[in-house]
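Chains as they are written, first to last, in our numbering: chain A, 1 to 255; chain B, 1 to 255; chain C, 1 to 300; chain D, 1 to 300.
To start, the structure itself, in structure tokens.
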Amino acid sequence: MTATFKKSVTITSVDKLSIDIYSMWIQDKEIVSAAKPGQFLSLYCKSGDRLLPRPISICEIDKKNHALRLVYRIAGKGTEEISHYTVSDRIEVMGPLGNGFTLEGKKAILVGGGIGIPPMLELAKQLSCEKTVVLGYRDVTFLDSEFIPYGQVYISTEDGSVGTKGNVIDAIKENKLEADIIFACGPTPMLRGVKAYANEHGIKAQLSMEERMACGIGACLACVCKSKDTDHHSNVKNKRICKDGPVFYADEIEI
Amino acid sequence: MTATFKKSVTITSVDKLSIDIYSMWIQDKEIVSAAKPGQFLSLYCKSGDRLLPRPISICEIDKKNHALRLVYRIAGKGTEEISHYTVSDRIEVMGPLGNGFTLEGKKAILVGGGIGIPPMLELAKQLSCEKTVVLGYRDVTFLDSEFIPYGQVYISTEDGSVGTKGNVIDAIKENKLEADIIFACGPTPMLRGVKAYANEHGIKAQLSMEERMACGIGACLACVCKSKDTDHHSNVKNKRICKDGPVFYADEIEI
Amino acid sequence: MNTKVNIAGVEWKNPITTASGTFGSGMEYSEFVDLSKLGAVTTKGVAAIPWAGNPTPRIAETSSGMLNAIGLQNPGVDVFLDRDLPFLKQFDTNIIVNVVGKTTEDYCKVVECLADSDVDMLEINISCPNVKEGGIAFGQSCTSVEAITKEIKKYAKQPIIMKLSPNVTDITEMARAAEAGGADALSLINTITGMKIDVHKRAFVLANKTGGLSGPAVKPVAVRMVYQVANAVNIPIIGMGGIMTGEDALEFLMAGATAVAVGTANFINPMATMDILKGIEDYMMKYRMEDIHELIGCVK
Amino acid sequence: MNTKVNIAGVEWKNPITTASGTFGSGMEYSEFVDLSKLGAVTTKGVAAIPWAGNPTPRIAETSSGMLNAIGLQNPGVDVFLDRDLPFLKQFDTNIIVNVVGKTTEDYCKVVECLADSDVDMLEINISCPNVKEGGIAFGQSCTSVEAITKEIKKYAKQPIIMKLSPNVTDITEMARAAEAGGADALSLINTITGMKIDVHKRAFVLANKTGGLSGPAVKPVAVRMVYQVANAVNIPIIGMGGIMTGEDALEFLMAGATAVAVGTANFINPMATMDILKGIEDYMMKYRMEDIHELIGCVK
Ligand SMILES: Cc1cc2nc3c(=O)[nH]c(=O)nc-3n(C[C@H](O)[C@H](O)[C@H](O)COP(=O)(O)OP(=O)(O)OC[C@H]3O[C@@H](n4cnc5c(N)ncnc54)[C@H](O)[C@@H]3O)c2cc1C
Ligand SMILES: Cc1cc2nc3c(=O)[nH]c(=O)nc-3n(C[C@H](O)[C@H](O)[C@H](O)COP(=O)(O)OP(=O)(O)OC[C@H]3O[C@@H](n4cnc5c(N)ncnc54)[C@H](O)[C@@H]3O)c2cc1C
Ligand SMILES: Cc1cc2nc3c(=O)[nH]c(=O)nc-3n(C[C@H](O)[C@H](O)[C@H](O)COP(=O)(O)O)c2cc1C
Ligand SMILES: Cc1cc2nc3c(=O)[nH]c(=O)nc-3n(C[C@H](O)[C@H](O)[C@H](O)COP(=O)(O)O)c2cc1C
Ligand code: FES
Ligand code: FES
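As structure tokens, then:
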């Protein structure tokens, strides 16, 4: 069992990456020592009327400086609140949570869609095999240049303003990318597309899933997804995204 | 009708006066122009679970700098939150509220008890007649030295550590203070004592009252006190502290 | 863009009114809000004779809510007619009087006194949890809801809005009973009975022990009840309970309310009614909606 | 300082348990809390067979509260006995199993299966608002509360705690019915039915449309109901609903609860149970109280 911590940590840097996308580094020795790509943190708001945690993926891990990067989009009141925090402010977090990606494969495609892109960055850094990166956006890109050191980066945009016009699968096809494994995080329709693509090509896929969470540690059963087989823990065809995921093999789950 | 404003204002100075007593200056042209001694402001918390205003008396008015001073005690979660605000933070306020003291009399005693002391300071500054000041504390004093420019200051403490041992009435009696009017703000037992004393001596008294408030402007009827006669507005023997007060003549109300 | 709604034959220029008891008779808030911009002003409860209300403390703060036990203090219907109604008539808005009583006769007396006045609608408060007699007692059984509605309808010349209590097992039964009794519209929710204890004083915070919970804390319960009632009756609903923003109001409209009332929010922001109206208008603009009726009951 | 309480013959080392459904079977939280320091652990609802629960989204945030419509997903009583019970037995605490069913027979089957196990108490959930059959339906009429309590008592070897629903007109009637049926203790409140609408998607946030409201938002309602019930029955009460701090727990004890359960707070602070216990102990220290019984029901 990996260690999980609930504590107040210090924000050491804040950047606005795009119109509603923010990047933030936090510092904490314990959490950072335990953190792996694909895991996430639960962030807690200060406003007393917002009780539930905001799950945010780990975007980068800097073990040397005990620092960890989170990149998030303002999606509602909680992330809006967090976007006002500044350097040296403290924030209550729990983590690292979930299982993270399993580092495997010889030739990988890392697929990130929209706000599912951040967790792919630390994965790109840690995954030592041959790899290409495919990033899907609606229009404005972010974080894409930071992937360049780790592999060839392909981009798709819905409006075609950058890269392939269409979605990430269109980009994979257009660029005839090959792999024995796909790692993906993004909106459900994208994950569904990746699963189908992997299936078709007989390759493995690890998908990072999303659902509304309360406990973040597997106790409340809020965040389940449908599993193909009866799950060992639940004894029904449900898996807990926070605890058994967020990363699942595509063939374990129904999406 | 005096103007009332609801707005966000800037905090221009913050001081800790005592273990749990804070002083804060805020700046706003409109509110300060309208403010009178004995009136109060409603302060609103930032934490979204705390809805109701915290009524705080005006302690000093600096018309030249459009500034206004509030002195408050940490009494619960709201004042605790406000005590963390720092210079240049903004705070949502409504005011000035209530009627304030009527400046009158030839020889006045200004009586403040505990956290009822702050509003007496601006009154002391504006009241031009002959006056003495009587301040009652449990033990540790605060704000007392600031009254010195405006009149002789007498102190009572419950434990006798400073001035008269006992309450403000004990101090008035011990020092044989005379007056044709008493202005008072403090806990209800003190106001009751002042009313009785004024009655005995056949002099007027203006008392500043306290009650839990919601609207702060006379609409919700949360903050009433009992009046001697049927009140013009309520058509029953109730007066609204926020709107018809907080200052009442002692003989208007039952306490 | 049309924001007009029609409640029981009365046209409102927009779906916003004030929740009874949170807006006095409009006077105090008129310093902050142009009352002519409201669909309607709903007054504090008015009784046949002046009521002194409960002892203080009458309110307490709770997480995202507040408890009140005002106890329906009011100057009585005569003062209302002589002073408050002429004041309200200066504005181009509908006037809804919230009616309270201790007995059915009390209610009917107020309704009669107002029958020939310039009041546009009557809201019958059979759901106040803070008075010993009357109030909520009338609102917690189907038979009494139907009976009092029927009786009041005999005296009323204006459309009757029955204000329902959330302190019931099945709100749809009460709604149907009111409809069966002849109610022209319904309003809900009144407050939920609650209590707060001061653990340091080891005493109730409210002099009345219990009070009515309002504010954002109750919104999910209110939206649920409005949805259930909208699917149970054929008369229009005025929804309320914790509306602080335009989006909150939209939840009630989408759940099936034809109009909404703003209560506790006035205490936090005296311009709340106007901000909420603007929020609705901005939403309609953003999603290019021509008519507010496209929103009413659109979530099934 | 004595913090021991006795609920229906079972001694708890302190008055703190976990609210069913918020603490799994203790496993996940045991990383944060030494379960031996709890008066009791109350498990997620356990049914006769595995239940898959509702579709997602199953939760939504509301002001100072949350809605859940988990739908009682659980692995069934067999897995509970084989896996979860042995885990819990490692700790020096009482084990309370929350029992759910769709029919009276279902409930009785679970109770029978647990009769000879090492479970200390059974909490019968007749108040879940999130399942189509059973659940709350049993908890909203006096006759059915009394009937199911009686029936379950026939099979139970452990003390029975009937868990009451707040979604009723008069909670004291339900409490008296449970007492008449032979309940050994009561727990309240379960969640209040609520709804949230996503105005941008124009859809319910929860797949189940409605969910149960919990958290600080409901605390005033919960304290009120505990107070009412404590004054209506002679069996002990486990109070819950929005307890986040020691002071919150004290409100329930002072209102008449003999013990308290911590639910939603666990999600915000996994150490909540321990912090709350410490809050109570600090309070007793501050006011020089020797025995927690000085607090129970001290506000009248
Ligand atoms: C495992 C995981 C990893 C994530 N990683 C990231 C990331 O790296 N960057 C990023 O920007 N976003 C990420 N998200 C989505 C992020 O959690 C939501 O955008 C965020 O919680 C919205 O909060 P809010 O207060 O702004 O919105 P509100 O709508 O005000 O939130 C209300 C409630 O709904 C929940 N909620 C709303 N949207 C989502 C959502 N999409 N997923 C889960 N809960 C939601 C909130 O947590 C909160 O409890 C992740 C989600 C999960 C489950
Ligand atoms: C007209 C008036 C003038 C005041 N002037 C001052 C002042 O200058 N300095 C000062 O320190 N205090 C003053 N008070 C008291 C001050 O309002 C309370 O101490 C403060 O509201 C407590 O808030 P809290 O959040 O810390 O306490 P909490 O207990 O958390 O507050 C909960 C709720 O109760 C209300 N409340 C609690 N105590 C009081 C109280 N004594 N009076 C009114 N409402 C209360 C709060 O406003 C809030 O709505 C004044 C009160 C009134 C009515
Ligand atoms: C201080 C206060 C006084 C109230 N007085 C009345 C009243 O006189 N008559 C009535 O029908 N409802 C009364 N209510 C209930 C409100 O009209 C409304 O139903 C309830 O507060 C829910 O709306 P809100 O959450 O927006 O406040 C009162 C509520 C408050 C907070
Ligand atoms: C996610 C969640 C799941 C719940 N599951 C159950 C359950 O299985 N059985 C039950 O009796 N109550 C269940 N409840 C209700 C709680 O036990 C408790 O009665 C309620 O949440 C009020 O307490 P709180 O405000 O402290 O959470 C659940 C509550 C939540 C939030
Ligand atoms: S959030 Fe509680 S089980 Fe996943
Ligand atoms: S606070 Fe509303 S009338 Fe005084």
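The beta carbon of each residue, even a glycine, is placed where N, CA and C say it ideally should be.
message: Given 8 Å as the limit, tell me if SER208 (chain A) has its C-beta closer than that to any heavy atom belonging to ligand 1.
response: Taking the first sequence and counting its residues from 1, the one referred to as residue 208 (chain A) is at position 208. Under cutoff, so the answer is yes.
query: Hey, out of B:MET190, B:ASP180, B:ASN235, whose CA is closest to CYS129 (chain B)'s CA?
result: Taking the first residue of the second sequence as position 1, residue 129 (chain B) is located at position 129. Nearest to CYS129 (chain B) by C-alpha distance, out of B:MET190, B:ASP180, B:ASN235, is B:ASP180.
query: Below 8 Å, can you find three or more Cβ-Cβ pairs linking the stretch 90-103 of chain A to the stretch 147-161 of chain A?
result: no
message: Measuring straight from C-alpha to C-alpha, what distance separates ALA35 (chain A) and GLU31 (chain D)?
response: Start at 1 with the first residue of the first sequence, and residue 35 (chain A) comes out as number 35. Start at 1 with the first residue of the fourth sequence, and residue 31 (chain D) comes out as number 31. Going by the C-alpha atoms only, they are around 17 Å apart.
CB contact below 9 Å: LEU67 (chain C) versus chain D: Here residue 67 (chain C) is taken as the residue at index 67 of the third sequence, counted from 1. True, the Cβ-Cβ gap to chain D drops below 9 Å.
Meets three-Cβ-pair contact criterion under 8 Å: the stretch 152-159 of chain C and the stretch 193-209 of chain C: no
query: Within 10 angstroms of its Cβ, does ASP291 (chain C) collect 16 or more other Cβ (buried), or is it exposed?
result: As a working note, residue 291 (chain C) is residue 291 in the third sequence. ASP291 (chain C) should be labelled exposed.
query: What's the C-alpha gap between GLU251 (chain D) and CYS59 (chain B)?
result: Within the fourth sequence, numbered from 1, the residue matching residue 251 (chain D) stands at position 251. Within the second sequence, numbered from 1, the residue matching residue 59 (chain B) stands at position 59. Cα-Cα distance, rounded: 35 Å.
query: Is DSSP giving PHE267 (chain C) helix, strand or coil here?
result: Along the third sequence, read from residue 1 onward, the residue named residue 267 (chain C) stands at position 267. Note: PHE267 (chain C) maps to helix in three-state DSSP.
query: For the candidate residues A:GLY163, A:GLU30, A:SER42, whose alpha-carbon lies nearest to that of ALA3 (chain A)?
result: The residue given as residue 3 (chain A) occupies position 3 in the first sequence. For ALA3 (chain A), the nearest C-alpha among the options comes from A:GLU30.
field: For PRO75 (chain C) and ASP231 (chain B), the rounded distance between their alpha carbons
entry: For the purposes of this step, residue 231 (chain B) is taken as residue 231 along the second sequence, with counting starting at 1. For the purposes of this step, residue 75 (chain C) is taken as residue 75 along the third sequence, with counting starting at 1. Between ASP231 (chain B) and PRO75 (chain C), the C-alpha separation is close to 10 Å.
field: Span separating the alpha-carbon of GLY166 (chain A) from that of THR132 (chain A)
entry: Stepping through the first sequence from its first residue, residue 166 (chain A) is reached at position 166. Stepping through the first sequence from its first residue, residue 132 (chain A) is reached at position 132. As the crow flies, the alpha-carbon of GLY166 (chain A) is around 18 Å from that of THR132 (chain A).
- prompt: In chain C, what lies closer than 7 Å to TYR227 (chain D) by C-beta?
  reply: Along the fourth sequence, read from residue 1 onward, the residue named residue 227 (chain D) stands at position 227. Result: MET195.
task: Could you list which residues in chain A have their beta carbon closer than 8 Å to that of ASN266 (chain D), in chain order?
output: Translated into positions along the fourth sequence, residue 266 (chain D) becomes position 266. What ASN266 (chain D) touches in chain A: CYS215, ALA219.
- prompt: When the Cβ atoms of the stretch 104-114 of chain C are set against those of the stretch 12-32 of chain C, are three or more pairs found closer than 8 Å?
  reply: no
task: Using the Cα positions of GLU252 (chain A) and LYS228 (chain A), report the straight-line distance between them to the nearest angstrom.
output: By one-based count along the first sequence, residue 252 (chain A) stands at place 252. By one-based count along the first sequence, residue 228 (chain A) stands at place 228. So the two alpha carbons sit approximately 5 Å from each other.
query: If we count the other Cβ atoms within 10 Å of its Cβ and call it buried at 16 or more, is VAL119 (chain D) buried or exposed?
result: One-based indexing of the fourth sequence puts residue 119 (chain D) at position 119. When all chains shown are included, VAL119 (chain D) counts as buried.
field: DSSP state of PRO96 (chain B) mapped onto helix, strand, coil
entry: Translated into the one-based positions of the second sequence, residue 96 (chain B) becomes position 96. Correct three-state label for PRO96 (chain B): strand.
task: Going by DSSP, name the residue or residues bridged to PRO55 (chain A).
output: For the purposes of this step, residue 55 (chain A) is taken as residue 55 along the first sequence, with counting starting at 1. PRO55 (chain A) is bridged to A:SER42.
message: In this structure, how does DSSP classify GLN206 (chain A) when only helix, strand and coil are distinguished?
response: Mapped onto the first sequence, residue 206 (chain A) falls at position 206. In this structure, GLN206 (chain A) counts as strand in the three-state DSSP scheme.
- request: Using the DSSP secondary-structure output, state which residues sit across from CYS220 (chain A) in a beta bridge.
  value: Counting from 1 along the first sequence, the entry for residue 220 (chain A) is found at position 220. Its beta-bridge partners do not exist; DSSP assigns none.
task: Closer than 7 Å by C-beta to THR10 (chain A): which residues in its own chain qualify, once you throw out the five before and the five after it? Chain order, please.
output: Counting from one through the first sequence, the residue named residue 10 (chain A) turns up at place 10. Once the five neighbours on either side are set aside, the close Cβ partners of THR10 (chain A) are ILE26, GLN27, SER88, ARG90.
query: Is there a Cβ from chain B that is less than 9 Å from the Cβ of ARG138 (chain A)?
result: Working through the first sequence from its first residue, we reach residue 138 (chain A) at position 138. No, ARG138 (chain A) lies away from the interface with chain B (no Cβ there is under 9 Å from its Cβ).
message: What would DSSP say about GLU211 (chain B), mapped onto helix, strand or coil?
response: In the second sequence, counting from the first residue as 1, residue 211 (chain B) sits at position 211. Looking at GLU211 (chain B) - three-state DSSP - the assignment turns out to be coil, as it is neither helix nor strand.
- request: Kindly say whether MET1 (chain B), judged by its beta-carbon, lies nearer than 9 Å to any beta-carbon of chain C.
  value: Taking the first residue of the second sequence as position 1, residue 1 (chain B) is located at position 1. Note on MET1 (chain B): pLDDT 46, under 50, position unreliable in the model; the coordinate value appears next. Closer than 9 Å: yes.
- prompt: Mind listing which residues of the stretch 250-276 of chain C have their C-beta closer than 8 Å to chain B's C-betas, in chain order?
  reply: Among the residues of the stretch 250-276 of chain C, those with a Cβ less than 8 Å away from any Cβ of chain B are THR264, ASN266, PHE267, ILE268, ASN269, PRO270, MET271, in the order of the chain.
message: Assuming GLY246 (chain C) and VAL218 (chain C) are in contact, meaning their beta carbons sit under 8 Å apart, how far apart are those beta carbons, in whole angstroms?
response: If you number the third sequence from 1, residue 246 (chain C) lands on position 246. If you number the third sequence from 1, residue 218 (chain C) lands on position 218. Incorrect: roughly 18 Å between the Cβ atoms, too far for contact.
message: If you reduce the DSSP assignment to three classes, tell me which class MET121 (chain C) lands in.
response: Residue numbering aside, residue 121 (chain C) sits at position 121 when the third sequence is read from its first letter. Strand, per DSSP.
task: Taking ASN155 (chain C) as the query, report the chain B residues whose CB atoms sit under 8 Å from its CB, ordered along the chain.
output: Stepping through the third sequence from its first residue, residue 155 (chain C) is reached at position 155. In the sequence on display, residue 155 (chain C) carries Tyr and not Asn. Those do not exist, as TYR155 (chain C) stays about 23 Å from chain B at its closest Cβ, beyond 8 Å.
- prompt: Count the other CB atoms within 10 Å of the CB of GLU179 (chain C); is the residue buried (16 or more) or exposed (fewer)?
  reply: In the third sequence, the residue the question calls residue 179 (chain C) occupies position 179. Label assigned to GLU179 (chain C): buried.
query: By Cβ distance, which residues of its chain are closer than 7 Å to ASN54 (chain D), with the 5 residues on each side in sequence left out?
result: Within the fourth sequence, residue 54 (chain D) is the residue found at index 54, counting from 1. These residues qualify, in order along the chain: ALA69, ILE70, GLY71, ASN130, ALA207, ASN208.
query: Does the stretch 89-96 of chain D come close enough to the stretch 75-85 of chain A to have 3 or more Cβ pairs within less than 8 Å?
result: Segment contact: the stretch 89-96 of chain D against the stretch 75-85 of chain A, fewer than three CB-CB distances shorter than 8 Å; contact not assigned.
query: Are VAL71 (chain B) and GLY113 (chain B) touching if we call contact CB-CB under 9 Å?
result: As a working note, residue 71 (chain B) is residue 71 in the second sequence. As a working note, residue 113 (chain B) is residue 113 in the second sequence. Going by C-beta atoms, VAL71 (chain B) is not nearer than 9 Å to GLY113 (chain B).
message: Check whether chain D comes within 9 Å of LYS228 (chain A), counting only Cβ atoms and requiring the distance to be less than that.
response: Here residue 228 (chain A) refers to the residue found at position 228 of the first sequence. Not one chain D Cβ lies under 9 Å of LYS228 (chain A).
query: What is the chain-ordered set of residues for which the beta carbon lies under 7 Å from any non-hydrogen atom of ligand 5?
result: A:MET213, A:ALA214, A:CYS215, A:GLY216, A:ILE217, A:GLY218, A:ALA219, A:CYS220, A:LEU221, A:ALA222, A:CYS223, A:ARG240, A:ILE241, A:CYS242, A:LYS243
message: Which residues of the stretch 39-50 of chain A have a Cβ closer than 8 Å to any Cβ of chain B? Give them in chain order.
response: LYS46, SER47, GLY48, ASP49, ARG50
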